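Participant:
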Amino acid sequence: MEGPRLPPSATFHETDDDKPDDPLPTWHRPTSSLSALPSQDHPPHHWRNHSLNLSPILDTPSRSLPPPDSIPELETYVVQVPRDQIYWTPPPEHAKYVEKLRNNPEKNKKNGCSKRLMWFFIILIAFGFILGAITLILHLVFNPALPVFAVEKLNLKPSSFEVTLRAENPTSNMGVSYVMKPNGVVWLTYKNKRLGRGKFPKMFQAASGSDKVNVNLDGSTKNAVMPPRGSKQAVSLVLKMELKADYEAGPVKKNKEVVVTCDVKVKGLLDAKKVEIVSENCESEFKD
């Protein structure tokens, strides 16, 4: 009569007893990036002789090992950063500098005031540069030219002289107004002796204009040593005027003082009512 049959596990462990020195089966991690797993110690020899006592090993969660297939293999990825992107950390000296500024509010206030003053001077210099450029352009574009005068007639009356002048304004883009200075006088002299004096009438001339103007001078030839009557000798006279010339072109205005000196040679000053002009030459200049 056969004895009772042992369970299959018992038979399995009885077979294992035939090779007590064989090591337990081991497995390897897929990659070196995994953390080290807890080492498995060999079970005591008396546990191996009884297959029913394997429950302590199986019930211990710290010593249970997952099957090799349950651990996924880790993949390696290569991340490339563009070379033109540089990531850096400011040096610690910057933090000290910022902390120093925080601890010195008065110094920060002074620095702010100095920056505002600097910007104020920069704006002022720029404004002056622009203003100077505009002034230079206006000076070059609107530049008054000297007026031109010429003596056309000279008539002698019992107690006055009548001189007819032609005035020309060569400035092509500005009109001009002629007025006498507050204490200005028009003089007519012969050998530094005064023959007559008077006022230049107020006159306006357009740009590139030409006009005639009559100047009346009070005086006579009694106080001057003149050539005798009937003499054909030419007499040299000097006509001098000091005028204010106000040039204007829209909002642009320029004020000048003009001194005009005319050298006139005449004949028949004492004999005829109409004096003959032999030669004349008028020169103008701006007075600073």
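Counted the way the UniProt record's numbering counts, the sequence shown spans residues 1 to 288. The beta carbon of each residue, even a glycine, is placed where N, CA and C say it ideally should be. These numbers were taken from a predicted model, which means no experiment stands behind them.
For the candidate residues HIS139, ALA133, TRP119, PHE149, whose alpha-carbon lies nearest to that of LYS253?
Facilitator: For the residues HIS139, ALA133, TRP119, PHE149, the minimum Cα distance to LYS253 belongs to HIS139.
Participant: Starting from TYR247, trace the beta strand (DSSP E) in both directions and tell me its first and last residue.
Facilitator: Segment 235-249, the beta strand (DSSP E) holding TYR247.
Participant: When DSSP labels each residue in this structure, what does LEU124 get in the three-state scheme?
Facilitator: LEU124 falls in the helix class under three-state DSSP.
Participant: Look up LYS202 in the DSSP assignment and say whether it is helix, strand or coil.
Facilitator: Of the three classes helix, strand and coil, the one that applies to LYS202 here is coil, per DSSP.
Participant: My guess is that LEU154 and VAL275 are in contact by the Cβ rule of under 8 Å, so how many angstroms apart are they, rounded?
Facilitator: With a Cβ gap of about 5 Å, LEU154 and VAL275 count as contacting.
Participant: For LYS287, which residues of its own chain have a beta-carbon under 6 Å away from its beta-carbon, when the five flanking residues on both sides are left out?
Facilitator: If we look at LYS287 and ignore the five residues flanking it on each side, its Cβ neighbours are GLU257, VAL259.
Participant: Residue ranges of each beta strand (DSSP E) run of no fewer than 3 residues wholly in the region 159-213, ordered along the chain?
Facilitator: Qualifying beta strand (DSSP E) stretches, in chain order: 160-168, 175-180, 186-190, 193-198, 203-205.
Participant: Would you call the region 125-137 and the region 171-182 in contact, with 3 or more CB pairs under 8 Å?
Facilitator: No contact exists between the region 125-137 and the region 171-182.
Participant: With 16 other CB atoms within 10 Å as the buried threshold, where does GLY198 fall?
Facilitator: Buried.
Participant: Are LEU165 and VAL213 closer than 8 Å when you measure CB to CB?
Facilitator: Yes.
Participant: CA-CA distance, LYS244 and LYS181?
Facilitator: C-alpha separation (whole angstroms): 6 Å.
Participant: Would you tell me roughly how many angstroms separate the C-alpha atoms of PRO201 and MET241, rounded to the nearest one?
Facilitator: Rounded to whole angstroms, PRO201 to MET241 spans 12 Å at the Cα level.
Participant: Is it right to say CYS113 is buried, meaning 16 or more other beta carbons lie within 10 angstroms of its own, or is it exposed?
Facilitator: With fewer than 16 Cβ atoms within 10 Å of its Cβ, CYS113 is classed as exposed.
Participant: Helix, strand or coil: how does DSSP classify PHE129 here?
Facilitator: If DSSP states are grouped into helix, strand and coil, PHE129 belongs with the helices.
Participant: Quick test of your reading: GLU285 and VAL264, contact by CB under 8 Å. State the CB separation rounded to the nearest angstrom.
Facilitator: Contact doesn't hold; Cβ gap of about 18 Å is too wide.
Participant: Reducing DSSP to helix, strand and coil, say where THR135 ends up.
Facilitator: In the structure shown, THR135 sits in a helix (DSSP, three-state: H, G or I).
Participant: If you reduce the DSSP assignment to three classes, tell me which class LEU117 lands in.
Facilitator: In this structure, LEU117 counts as helix in the three-state DSSP scheme.
Participant: Using the rule of at least 16 other Cβ atoms within 10 Å of the residue's Cβ for burial, across every protein chain shown, is VAL151 buried or exposed?
Facilitator: The residue in question, VAL151, is buried, as its Cβ has 16 or more Cβ neighbours within 10 Å.
Participant: Relative to the alpha-carbon of GLY209, which residue among THR171, ARG229, ASN183, PRO91 has its alpha-carbon at the smallest distance?
Facilitator: Cα-wise, what sits closest to GLY209 is THR171.
Participant: Do residue 369 and TYR247 have their C-beta atoms within less than 8 Å of each other?
Facilitator: Residue 369 lies beyond the residue range present for the chain, which begins at 1 and ends at 288; the question has no answer from this structure.
Participant: CA-CA distance, THR261 and GLY250?
Facilitator: C-alpha separation (whole angstroms): 31 Å.
Participant: Could you check the C-alpha separation between ARG194 and TRP187 for me, to the nearest Å?
Facilitator: When rounded, the distance between both Cα atoms is 7 Å.
Participant: How many Å lie between SER220 and PHE127 at the Cα?
Facilitator: Approximately 60 Å, taken between the alpha carbons.
Participant: At what residues does the beta strand (DSSP E) containing VAL278 begin and finish?
Facilitator: Where VAL278 is concerned, the enclosing beta strand (DSSP E) stretches over 276-287.
Participant: Expressed to the nearest angstrom, what Euclidean distance is found between the alpha-carbon atoms of GLN205 and ASN216?
Facilitator: C-alpha separation (whole angstroms): 20 Å.
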